[in-house]
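Novice: The following block contains the structure, expressed as structure tokens.
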Ligand code: DQA
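Numbering (the working numbering), first residue to last: 1 to 161.
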């Protein structure tokens with residue numbers, strides 16, 4: 001089924017985009033990033049909602065409620081929670097929706113502790129290192145998965161003789 005609505009979740013400290021370590025995260029503010037996401041979603045014909053929280057429990061609640069709110073997938077930047085939040089990993093595992101983990105920076109080229117994501121194995125996939133474009137690629141991935149039946153192999157019809 002085509003993707004109709006996607007939830008974008010930004011984790012801790014991403015509200016500071018624009019002024020937070022601009023050499024790493026760029027000069028775009030969270031409002032700028034959300035506008036890019038909304039414009040891209042409009043081009044894709046997908047309804048999108050962007051939310052940010054510094055609180056682990058809030059992010060768990062949003063993940064748990066995403067399907068009931070009518071979202072078909074989640075683009076998720078867990079921020080520093082990426083590297084240690086088992087609660088968020090469990091939430092990603094617990095829900096049936098595809099979750100695409102995204103990062104602005106290339107976490108694999110940074111400090112050792114950023115190279116491991118506890119979320120990644122539970123997510124449908126990970127996109128890192130493309131700045132705000134990472135979120136747009138995450139949306140693209142959800143759209144492709146949506147068209148592809150959630151990324152699971154299509155059931156083939158039995159051949160008729
Ligand atoms: C980040 C990478 C994390 O390691 C960091 O803690 C963040 C942002 C990124 O988008 O590059 O807060 O998720």
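All C-beta atoms in this analysis are idealised placements derived from N, C-alpha and C, irrespective of residue type, glycine included.
How would you write the range of the alpha helix (DSSP H) that residue 72 sits in, first residue to last?
Specialist: Counted from its first residue, the chain shown places residue 72 at position 72. No alpha helix (DSSP H) holds residue 72; DSSP gives it neither H nor E.
Novice: In this structure, how does DSSP classify residue 42 when only helix, strand and coil are distinguished?
Specialist: By 1-based counting over the chain shown, the position of residue 42 is 42. Residue state, collapsed to three classes: helix.
Novice: From residue 56 to residue 118, what distance separates their C-alpha atoms?
Specialist: The residue labelled residue 56 in the question sits at position 56 within the chain shown. The residue labelled residue 118 in the question sits at position 118 within the chain shown. Between the alpha carbons of residue 56 and residue 118 lies a distance of about 14 Å.
Novice: Are at least three pairs of beta-carbons, each pair with one atom in the stretch 64-83 and one in the stretch 125-144, less than 8 Å apart?
Specialist: yes
Novice: Considering only DSSP beta bridges, list what residue 127 is partnered with.
Specialist: Within the chain shown, the letter at position 127 stands for residue 127. DSSP lists 102 as partners of residue 127.
Novice: Buried or exposed: where does residue 113 fall if 16 or more other Cβ atoms within 10 Å of its Cβ makes it buried?
Specialist: Residue 113 sits at position 113 when you count from the first residue of the chain shown. Exposed, since its Cβ has fewer than 16 Cβ neighbours within 10 Å.
Novice: Any heavy atom of the ligand DQA closer than 6 Å to the CB of residue 105?
Specialist: Start at 1 with the first residue of the chain shown, and residue 105 comes out as number 105. Residue 105 Cβ: within cutoff of the ligand DQA.
Novice: Between the Cα of residue 140 and those of 28, 115, 69, 101, spot the shortest distance and give me the residue it belongs to.
Specialist: By one-based count along the chain shown, residue 140 stands at place 140. It is 101 whose Cα lies nearest to the Cα of residue 140.
Novice: Does the Cβ-Cβ distance between residue 65 and residue 12 come in under 7 Å?
Specialist: Stepping through the chain shown from its first residue, residue 65 is reached at position 65. Stepping through the chain shown from its first residue, residue 12 is reached at position 12. Their beta carbons are not under 7 Å apart, which means residue 65 does not touch residue 12 by this criterion.
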